[in-house]
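FYI, in UniProt numbering the residues of the sequence shown are 1 to 858. What follows is a single structure, written as structure tokens, with notes after it.
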Amino acid sequence: MAPKLDTNDPQVARLIELFATISLTGQRAADTIKNPKYARALEHTITALQLDRQGLDAKTGSAVVVAASSGAELPEAKLDYIVQRVLKKDLVSTDQIQTACKYAASVDAIDDATFDSQCGVGVVITPDMCHNVVRNYMQSHHADIAEAAGWPKMSSIMAAVRAEPTLRWANAADIKNAVEQELTAQFGPRSAAAASKKKGGGAASAATKSTNATPSSTSKGERKSKKEETVRPDAMFEEGFLASLHKPGENPQKLPRLRDEHLKATNGSVMTRFPPEPNGYLHIGHSKAIAVNFGFARFHKGLCYLRFDDTNPAAEEEKYFVSILETVRWLGFEPFKVTYSSDYFDRLYELAVDLIRRGLAYVDHSTPEEIREGRGGPDKGERKESRWRHRPIEESLQAFDDMKNGKYKPGEATLRMKQDILGSGNPQMWDLIAYRVLDAPHHRTGSKWCMYPTYDFTHCLVDSFENISHSLCTTEFILSRESYEWLCDALEVYKPRQYEYGRLSMEGTVMSKRKMLKLVNEGFVDGWDDPRMYTLIGLRRRGVPPGAILSFVSQLGVTTNNSTIQINRFDQTVRQYLEMNTPRLMMVIEPLKVVIENLPDDFVLHVTKPLHPKVPDMGQVSAPFTKTVYIDASDFRMQDAPDYFRLAPGKSVGLYQVPHPITCTSVRTNEAGHVVELVCRYEQGPTPVVPKTYIHWVAEHAPSKSPVHVREARLFNSLFTCENPAAHDNFVDFINPRSREILHGAMIEVGFYQVARMSLETAKREAEERVKQAVKQTEEALGKDRAHEARDTNAIQSTESHTYGKECIRFQAMRVGYFAVDSDSSMSLFGDREDESPDDLVLNRIVSLKEDVGKSKS
Numbered sequence: 001m002a003p004k005l006d007t008n009d010p011q012v013a014r015l016i017e018l019f020a021t022i023s024l025t026g027q028r029a030a031d032t033i034k035n036p037k038y039a040r041a042l043e044h045t046i047t048a049l050q051l052d053r054q055g056l057d058a059k060t061g062s063a064v065v066v067a068a069s070s071g072a073e074l075p076e077a078k079l080d081y082i083v084q085r086v087l088k089k090d091l092v093s094t095d096q097i098q099t100a101c102k103y104a105a106s107v108d109a110i111d112d113a114t115f116d117s118q119c120g121v122g123v124v125i126t127p128d129m130c131h132n133v134v135r136n137y138m139q140s141h142h143a144d145i146a147e148a149a150g151w152p153k154m155s156s157i158m159a160a161v162r163a164e165p166t167l168r169w170a171n172a173a174d175i176k177n178a179v180e181q182e183l184t185a186q187f188g189p190r191s192a193a194a195a196s197k198k199k200g201g202g203a204a205s206a207a208t209k210s211t212n213a214t215p216s217s218t219s220k221g222e223r224k225s226k227k228e229e230t231v232r233p234d235a236m237f238e239e240g241f242l243a244s245l246h247k248p249g250e251n252p253q254k255l256p257r258l259r260d261e262h263l264k265a266t267n268g269s270v271m272t273r274f275p276p277e278p279n280g281y282l283h284i285g286h287s288k289a290i291a292v293n294f295g296f297a298r299f300h301k302g303l304c305y306l307r308f309d310d311t312n313p314a315a316e317e318e319k320y321f322v323s324i325l326e327t328v329r330w331l332g333f334e335p336f337k338v339t340y341s342s343d344y345f346d347r348l349y350e351l352a353v354d355l356i357r358r359g360l361a362y363v364d365h366s367t368p369e370e371i372r373e374g375r376g377g378p379d380k381g382e383r384k385e386s387r388w389r390h391r392p393i394e395e396s397l398q399a400f401d402d403m404k405n406g407k408y409k410p411g412e413a414t415l416r417m418k419q420d421i422l423g424s425g426n427p428q429m430w431d432l433i434a435y436r437v438l439d440a441p442h443h444r445t446g447s448k449w450c451m452y453p454t455y456d457f458t459h460c461l462v463d464s465f466e467n468i469s470h471s472l473c474t475t476e477f478i479l480s481r482e483s484y485e486w487l488c489d490a491l492e493v494y495k496p497r498q499y500e501y502g503r504l505s506m507e508g509t510v511m512s513k514r515k516m517l518k519l520v521n522e523g524f525v526d527g528w529d530d531p532r533m534y535t536l537i538g539l540r541r542r543g544v545p546p547g548a549i550l551s552f553v554s555q556l557g558v559t560t561n562n563s564t565i566q567i568n569r570f571d572q573t574v575r576q577y578l579e580m581n582t583p584r585l586m587m588v589i590e591p592l593k594v595v596i597e598n599l600p601d602d603f604v605l606h607v608t609k610p611l612h613p614k615v616p617d618m619g620q621v622s623a624p625f626t627k628t629v630y631i632d633a634s635d636f637r638m639q640d641a642p643d644y645f646r647l648a649p650g651k652s653v654g655l656y657q658v659p660h661p662i663t664c665t666s667v668r669t670n671e672a673g674h675v676v677e678l679v680c681r682y683e684q685g686p687t688p689v690v691p692k693t694y695i696h697w698v699a700e701h702a703p704s705k706s707p708v709h710v711r712e713a714r715l716f717n718s719l720f721t722c723e724n725p726a727a728h729d730n731f732v733d734f735i736n737p738r739s740r741e742i743l744h745g746a747m748i749e750v751g752f753y754q755v756a757r758m759s760l761e762t763a764k765r766e767a768e769e770r771v772k773q774a775v776k777q778t779e780e781a782l783g784k785d786r787a788h789e790a791r792d793t794n795a796i797q798s799t800e801s802h803t804y805g806k807e808c809i810r811f812q813a814m815r816v817g818y819f820a821v822d823s824d825s826s827m828s829l830f831g832d833r834e835d836e837s838p839d840d841l842v843l844n845r846i847v848s849l850k851e852d853v854g855k856s857k858s
């Protein structure tokens, strides 16, 4: 509790009297005096500027107090400057005054023009202008607002509208009034909405019925809850399915010693694995498996293997191994070890022999057709034992040795497990095949083997070898759990516990390997990393941040139900993630030249602007404002209209962060009659011209290397025109001819290079930190000595491309969309160019600023 103010103290009494001269009295005066820093700043301001002789009214006095407290640590000259601008009524709102103090603290010397631009001096936002922005915002977000019956969304609407550059200096009360008026017009009075909510949400239903013309972005089963909007990345491990799993050592074993040996080997740590087959590129569905397995281990301070299930050599290629590891690391995870099922081929062979000796496996010479018929055939008829099932053990051992030595051709012999083909109703217990003959060399073992273990034999045993505590897989393997446990118990080895969760599928695209291969091979897309594909390398190239993908998975949660999600919901998650994690730059997609006639040829004003208005830590960039600038062609029209606020002949418009607006005085056209240049006047005269809106721009200034030229800006839309192309055999008939639009000649403000350098430095730092954390976590899980012994010697050589590339340079092009640098770009920052030639810049649009209502609905 602050000490009580002693009004009898002469010093306190003097300050009370002094502060009263600017109408600061009572408790507010007492509170100010209790803070010595604020009191000193205010005392200096009053005496230095002789405010005690001016008889300030309460409103002006209050503004002076705000300036003194906000600028208490500023040099006296800067504080005096700000207070003088307050007295001139240049700074009216608390927001303006606080912004002025922040600006003054960030520069060595205050520049009048930049100060005015930064602090909104002379900018007047009328209530009507507020209402127009609110109305436009609510129309473009109608589906989400209507879903919540309007009023519960009031705070988020106000926050979003307040963030609009055009309302940067609007009165908060005007915004609030505009939002309330629009909500009342669309959803009725607030009191009625509250009463309806108590009765069971009838207002939501009514609102939905009233908006049939605006398609909803989510289906009933996928509507976003408040919980979903605020979910943390680790939430899926703290609640629900993944929160109820056993602790290490609690999974039952056939022999007690197996549990003890397991806990000794793992130090009681959680051990998981991500076991992809290296026969293709990972897609968005795999991101869930990666997040679940690596995330579960990390959450519990355990370890996760990346294990390649390389038991089908005919389908495996080196490029898939490299791509999978790169993708895992790009998503932010570092494997404890990179292993291969082929690491254990010798050990698996020994256990197969052991299984035969135990009388629990046999070599079968039945044809594939005979094996299918023995399991009931396509009509699911009576099951039969193979005629080879009861052959002598020694005979099976010899036949298995003959399989190993190449005596049999593919299809002439298999090793089958002797399970329960007659008694069990589970197809995974119908004498599964453990080994088959394959006439194919292996990428790691060469021609050593001519027979290879199957997934059903390999998976559980390698889990056992690696002491996996939690074998997490999708629900398609539910029936496999019985055979998984049967084999471990049959061989009396450690038995991991398998858990199944629902897989992730996407509607609006195709994810089957066969269909994606058709798209690639027949030229419908430009490869597996085409940004229109929902492969993870495609999403990476498009510029989707790995954090957005993990956020998407976390929002969905983990249950035993399969999830089929529309791609527009994924895009919305990406959009939300980028909103607070991406710097903002001005980019002109279709440049239209503007020559400002009343500025000298050598005029240049360096405008300082924040990279993100809500995230000060991102910093600022400087953009030159000169006689020649470029605006987007869409921000000009020849014919004015009452509801049009941008540039037209004789009309004024503000340029973002530029102190004064411009007015179009004449238009120049080419022979075809197309507008090619505007001539404008810079309105810096004594009579302020107040623009109704602001537009983005890019200046021409060679010394600053402005503008940054873009060779191609690639805008991606949905690859298909139907909601569920995967449901159609002729899915290529639904290819969207406008799934990619390529625009030439765009321009970006020169701050792009600062953003690019910052993005690369951040990505490199995060990659280095992740590796350090992985080493630390291994030491914590196993102990320092054992962690050193367990050091991975199998890992594919790590490179920077594993974790980041050009796509990590992302920015929001204001009023346009979110963009990332494409790998086709040639940039000196990446060492692509040794000469002084300009960068060859190609951009990909990650997502638009707002959801396209033309997309398929979920």
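Note that the Cβ used here is the ideal one computed from N, Cα and C, for glycine as well. Remember, predicted model here, so these are calculated numbers, not experimental data.
DSSP places Ile-157 in the helix class (H, G or I) of the three-state scheme. For Tyr-818, the uninterrupted beta strand (DSSP E) run begins and ends at 817 to 821, by DSSP. In the structure shown, Gly-120 falls within a coil segment according to DSSP collapsed to helix, strand and coil. Sorting Thr-367, Trp-388, Thr-445 and Ile-549 by C-alpha distance to the C-alpha of Gly-411 places Thr-367 at the top.
Take Pro-624, set aside five residues on each side of it, and the residues of its chain with a beta-carbon closer than 6 Å to its own are Val-604, His-606, Ala-699, His-701, Ser-704 and Ser-706, in chain order. The distance from the Cβ of Ala-314 to that of Cys-304 is about 28 Å, inconsistent with a contact at the 8 Å cut-off. Rounded to whole angstroms, the separation of the alpha carbons of Gln-576 and Cys-808 is 17 Å. Judged by DSSP secondary structure, Met-516 falls within the alpha helix (DSSP H) whose first and last residues are 513 to 521. In this structure Gly-240 touches Gly-557 by the C-beta definition: roughly 6 Å separates them, less than 8 Å. Here Asn-8 is exposed. Its C-beta has fewer than 16 other C-beta atoms within 10 Å. Per DSSP, the continuous alpha helix (DSSP H) segment holding Lys-776 begins and ends at 751 to 782. Of the candidates Val-363, Arg-259 and Pro-546, the residue whose Cα lies closest to the Cα of Ala-291 is Pro-546.
By the neighbour-count criterion, in which 16 or more other beta carbons inside 10 Å mark a residue as buried, Thr-126 falls on the exposed side. Assigned with DSSP and collapsed to three states, Thr-32 falls in helix. In the three-state scheme derived from DSSP, where H, G and I count as helix and E and B as strand, Arg-569 is classed as helix. The Cβ atoms of Leu-592 and Ala-633 sit closer than 9 Å to each other. The segment 842 to 852 and the segment 528 to 543 touch, with no fewer than 3 CB-CB distances between them shorter than 8 Å.
Distances from the alpha-carbon of Val-124 to those of Lys-692, Gly-446 and Cys-460 put Lys-692 closest. Judged by beta-carbon spacing, Met-747 lies beyond the 9 Å limit of Tyr-656, meaning their Cβ atoms are not closer than that value.
Taking a C-beta distance under 9 Å as the contact criterion, Tyr-455 and Leu-438 do not qualify as a contact pair.
The three-state reading of DSSP puts Cys-664 in strand, counting E and B together. Of the candidates Ser-563, Pro-583 and Leu-550, the residue whose Cα lies closest to the Cα of Thr-573 is Leu-550.
In this structure, the alpha-carbon of Asp-824 lies about 47 Å from that of Thr-94.
The Cβ neighbour count for Arg-329, taken over all protein chains shown within 10 Å, is at least 16; the residue is labelled buried.
Following the DSSP letters along the chain, one finds Ser-505 inside the beta strand (DSSP E) bounded by residues 504 to 507.
For Ala-813, the enclosing beta strand (DSSP E) stretches over residues 810 to 813.
For Leu-487, same chain residues with a beta-carbon under 6 Å away, outside a window of 5 residues either side, are Cys-460 in chain order. If you compare the alpha carbons of Gly-268, Phe-237 and Glu-277 with that of Glu-250, the shortest gap goes to Gly-268.
In the DSSP annotation of this structure, the continuous segment of the beta strand (DSSP E) that includes Met-451 starts and ends at 451 to 453.
Scanning Lys-407, Leu-348 and Gly-295 for the CA closest to the CA of Glu-238 turns up Gly-295. In the DSSP assignment, Arg-845 forms a beta bridge with Phe-819. Residue Tyr-818 holds the alpha-carbon nearest to the alpha-carbon of Glu-851 among Tyr-818, Phe-345, Pro-838 and Gly-150.
For the pair Asp-90 and Thr-45, the CB atoms are not nearer than the 9 Å cut-off.
Annotated as distal: Tyr-103 and Ala-72, with beta-carbon spacing of 9 Å or more.
DSSP, reduced to helix, strand and coil, places Arg-40 within a helical segment of the structure shown. A Cβ-Cβ contact shorter than 9 Å links Pro-725 with Gly-508.
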